[in-house]
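Before any comments, here is the structure.
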Amino acid sequence: MSKKGRVFIVSGPSGCGKSTVLKEVFKTYKNYHFSVSATTRAPRPGERDGVEYYFITEEKFDEMVEKGEFLEHARYAHCSYGTPRGPVEEMLRQGVDVFMDIELQGARAVKAAMPEAVSIFIAPPSLLVLEERLRGRATDSEEMIRLRLETAKVELEAAGEYDHLVINDDYVRAASEVLAIIHDA
Ligand code: ADP
Ligand code: 5GP
Numbered sequence: 010m011s012k013k014g015r016v017f018i019v020s021g022p023s024g025c026g027k028s029t030v031l032k033e034v035f036k037t038y039k040n041y042h043f044s045v046s047a048t049t050r051a052p053r054p055g056e057r058d059g060v061e062y063y064f065i066t067e068e069k070f071d072e073m074v075e076k077g078e079f080l081e082h083a084r085y086a087h088c089s090y091g092t093p094r095g096p097v098e099e100m101l102r103q104g105v106d107v108f109m110d111i112e113l114q115g116a117r118a119v120k121a122a123m124p125e126a127v128s129i130f131i132a133p134p135s136l137l138v139l140e141e142r143l144r145g146r147a148t149d150s151e152e153m154i155r156l157r158l159e160t161a162k163v164e165l166e167a168a169g170e171y172d173h174l175v176i177n178d179d180y181v182r183a184a185s186e187v188l189a190i191i192h193d194a
């Protein structure tokens, strides 16, 4: 039988640079599938349905939960987020590594269900820098930024639960650390 793919969980406060670091990683590492989550939050300017997220209604989200279509799901900043199960299982079966950009509760759920999953916490150099990045991205309302900064404090306290910690100071350097983790896993 061919080798199964591996699961990489990537967490970290919203705005710390997870997407930026992963984009850099995927320039080099090609045997990957990025798990596109479903969310009830509204798309940011430039976000495309089916690429960054599947943007769905609360009703559709609840229906998917009931049908057991999520590997994990969680509430975050007044919205729902979930990892569709089907594509993850199919990609792993095909021997492709699956990367999930998910928050703390989701990371805990995946790690409990799949202890062999490799979890990586991406941290900003400081809370001040995180705030600057969230504001600099200029995609979120003041309320959204405030909620994300509040949640960041809780998330940073849980960084020790992850297998690896990567500080995103310079994103190219951070990406090279993630590539080393993938290589050694
Ligand atoms: P996340 O996916 O964690 O929510 P993003 O990748 O969207 O975060 O990054 C948030 C903002 O910070 C973006 O505007 C991005 O360009 C910027 N950013 C990401 N990494 C760095 C870095 N190492 N140095 C400076 N700015 C960064
Ligand atoms: P954002 O709204 O800023 O894109 O994401 C908010 C938070 O939700 C981030 O911490 C992101 O990692 C997390 N997230 C995105 N998709 C999922 C998912 O499917 N499940 C869980 N548990 N968290 C997710």
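If you read the sequence shown in my numbering, its first letter stands for residue 10, the second for the next number, and so on. We put the CB at the ideal spot given by N, CA and C, even for glycine. The structure displayed is predicted, hence computed values, not measured ones.
- Of all alpha-carbon atoms in Val163, Lys120 and Lys69, the one lying nearest the alpha-carbon of threonine 49 is that of Lys69.
- The C-beta of phenylalanine 35 has fewer than 16 other C-beta atoms within 10 Å across all chains shown, which makes the residue exposed.
- Annotation: the continuous beta strand (DSSP E) that includes alanine 47 extends over 46-48.
- In the three-state reduction of the DSSP assignment, glutamate 33 falls in the helix class.
- With contacts defined by Cβ atoms closer than 9 Å, threonine 160 and alanine 83 do not form a contacting pair.
- Rounded to whole angstroms, the separation of the alpha carbons of methionine 73 and serine 185 is 36 Å.
- Between asparagine 177 and threonine 66, the CB-CB gap reaches or exceeds 9 Å.
- Taking the CA atoms as reference points, alanine 132 sits about 30 Å from glutamate 78.
- If you check the CB distance, leucine 143 and glycine 24 come in under 9 Å.
- Collapsing the DSSP output to three states places serine 23 in coil.
- Here DSSP, grouped into helix, strand and coil, assigns methionine 123 to coil.
- One thing to note: alanine 51 has its Cβ no nearer than 9 Å to the Cβ of glutamate 81.
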